[in-house]
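Trainee: Residue numbers (the UniProt record's numbering): 1 to 301. Cβ atoms here follow ideal geometry from the backbone N, Cα and C, with glycine treated the same way. Because the structure is a prediction, the values reported are computed rather than measured. Sharing a structure with you now.
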């Protein structure tokens, strides 16, 4: 591999060396490398890019060496953060009830419940920002406001990525798509934000979170409440003094302990079915977040 002579060449070689790795890892590695290289160039303006890179390769590392280092670090970090593996269950009943022992299930449940509140916030922030940006474009402060608004969208997307990784277990970026754009003019920075397609997918994600948050909340809370109510039916029967009739399709009758036990069993199965649904929703949303918030190799090329 030829020695890189520009920052763009170094980043391209690093991207090629990391090909096949997780896109979030690639984004972090490119961010760290570009930030370091631009800082070195800014601290030593008398050096050209080629001279600076020749020095950096000896200290920071060649692109393939940096790629190997990031791969090794990622393996160590994932091993440290990964929860203990679930024991393999061969029976269908074991797999059905074993979902409760999966930590990702409960993380997904918390995320689904909180998604309504976060979705309302993201949607309100995005729609308000878009409305104000369109209204202020006719004024001199319009462009700076749009840039500020889009910068907050990128910051919120990074925060959302950390929440997704913590609760859903999906590897998300720990760095922004780009460093602070050191050495670029104001208009170059503005152009980079507007021409980056990921800026607009992040904005779309924030708007999408409201309908998704409503669906997640309904699909999680409603069956959970119904299942817990069924499970608690024996307690309700013990304190019930009203003349309530129940109908299983065989005629109406006053509920007894057999009915309460049947409802309790249905509630248990409904509860664990809800946990499977929640875990599936968590995996689905992790894929959505990864697709909309993480830069792909094609976008970097």
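1. I need the DSSP call for residue 196, collapsed to helix, strand or coil.
2. Please classify residue 234 as buried or exposed, where buried requires at least 16 other C-beta atoms within 10 Å of its C-beta.
3. Using beta-carbon positions only, say whether residue 53 and residue 19 come within less than 9 angstroms of one another.
4. Count the other CB atoms, across all protein chains shown, that sit within 10 Å of the CB of residue 45; report buried if there are 16 or more and exposed otherwise.
5. Can you list, in chain order, the residues of its chain whose CB lies under 8 angstroms from that of residue 28, leaving out five sequence neighbours each side?
6. First and last residue of the alpha helix (DSSP H) that includes residue 289?
7. Helix or strand or just coil, what does DSSP make of residue 52?
8. Secondary structure at residue 46, three-state DSSP: helix, strand or coil?
9. Decide yes or no for the touch test of the stretch 193-206 against the stretch 148-155: beta carbon pairs closer than 8 angstroms, at least 3 of them.
10. With distances taken Cα to Cα, identify the nearest neighbour of residue 194 among 161, 149 and 11.
11. Given a cut-off of 9 angstroms, decide if residue 208 and residue 288 are closer than it, judged by their beta-carbon atoms.
12. Just to check my reading of the structure: residue 127 and residue 190 have Cβ atoms closer than 8 angstroms, yes? What is that Cβ distance to the nearest angstrom?
13. Can you list, in chain order, the residues of its chain whose CB lies under 7 angstroms from that of residue 123, leaving out five sequence neighbours each side?
14. Which residue's Cα is closest to the Cα of residue 32: 67, 21 and 198?
15. Can you give me the C-alpha to C-alpha distance between residue 115 and residue 282, rounded to a whole angstrom?
16. When we look at the beta-carbon of residue 222 and count the other beta-carbons within 10 Å, is it buried (16 or more) or exposed?
17. For residue 274, decide whether its Cβ has a neighbour in chain C, counting only Cβ atoms nearer than 9 angstroms.
18. I need the straight-line Cα distance from residue 103 to residue 199, nearest angstrom please.
19. If residue 41 sits next to residue 49, beta carbons under 8 angstroms apart, how far is it from one beta carbon to the other, in whole angstroms?
20. Taking buried to mean at least 16 other C-beta atoms within 10 Å of its own C-beta, is residue 161 buried or exposed?
Mentor: The structure says:
1. As a position in the chain shown, residue 196 is number 196, starting the count at 1. Note: residue 196 maps to coil in three-state DSSP.
2. For this step, residue 234 is matched to residue 234 along the chain shown. Counting the other Cβ atoms within 10 Å of the Cβ of residue 234 gives fewer than 16, which makes it exposed.
3. On the chain shown, residue 53 is found 53 positions in, with the first residue counted as 1. On the chain shown, residue 19 is found 19 positions in, with the first residue counted as 1. No Cβ-Cβ contact shorter than 9 angstroms links residue 53 with residue 19.
4. Start at 1 with the first residue of the chain shown, and residue 45 comes out as number 45. With fewer than 16 other beta carbons inside 10 angstroms of its own, residue 45 counts as exposed.
5. Looking up residue 28 in the chain shown gives position 28. Excluding positions up to five away in sequence, the list reads 70, 173, 174 and 175.
6. Taking the first residue of the chain shown as 1, we reach residue 289 at position 289. For residue 289, the enclosing alpha helix (DSSP H) covers residues 257-293.
7. Numbered from its first residue, the chain shown carries residue 52 at position 52. If DSSP states are grouped into helix, strand and coil, residue 52 belongs with the helices.
8. In the chain shown, the residue the question calls residue 46 occupies position 46. In the three-state scheme derived from DSSP, where H, G and I count as helix and E and B as strand, residue 46 is classed as coil.
9. By the Cβ test, the stretch 193-206 is in contact with the stretch 148-155, since at least three Cβ pairs between them sit closer than 8 angstroms.
10. Along the chain shown, one-based indexing puts residue 194 at 194. Relative to the Cα of residue 194, the nearest Cα in the group 161, 149 and 11 belongs to 149.
11. The residue you call residue 288 lines up with position 288 of the chain shown. The residue you call residue 208 lines up with position 208 of the chain shown. It is a contact, given that the beta carbons lie within the stated cut-off.
12. Position 127 of the chain shown, counted from the start, is the residue given in the question as residue 127. Position 190 of the chain shown, counted from the start, is the residue given in the question as residue 190. 22 angstroms between Cβ atoms; not a contact.
13. As a first step, residue 123 must be located in the chain shown, where it is residue number 123. Excluding its 5 nearest sequence neighbours in each direction, residue 123 has C-beta neighbours in its own chain below 7 angstroms: 206, 207, 209 and 210, listed in chain order.
14. Within the chain shown, residue 32 is the residue found at index 32, counting from 1. Looking only at 67, 21 and 198, the smallest Cα-Cα distance to residue 32 is reached by 67.
15. Your numbering for residue 115 matches position 115 in the chain shown. Your numbering for residue 282 matches position 282 in the chain shown. So the alpha carbons of these two residues sit roughly 11 angstroms apart.
16. Counting from one through the chain shown, the residue named residue 222 turns up at place 222. An exposed status is given to residue 222, since fewer than 16 other beta-carbon atoms sit within 10 Å of its beta-carbon.
17. Among the chains in the structure shown there is no chain C, since it carries only a single protein chain.
18. Within the chain shown, the letter at position 103 stands for residue 103. Within the chain shown, the letter at position 199 stands for residue 199. Computed Cα separation, rounded: 32 angstroms.
19. Taking the chain shown and counting its residues from 1, the one referred to as residue 41 is at position 41. Taking the chain shown and counting its residues from 1, the one referred to as residue 49 is at position 49. Confirmed, about 7 angstroms.
20. Here the question's residue 161 lines up with position 161 in the chain shown. Buried: at least 16 other Cβ atoms inside 10 Å.
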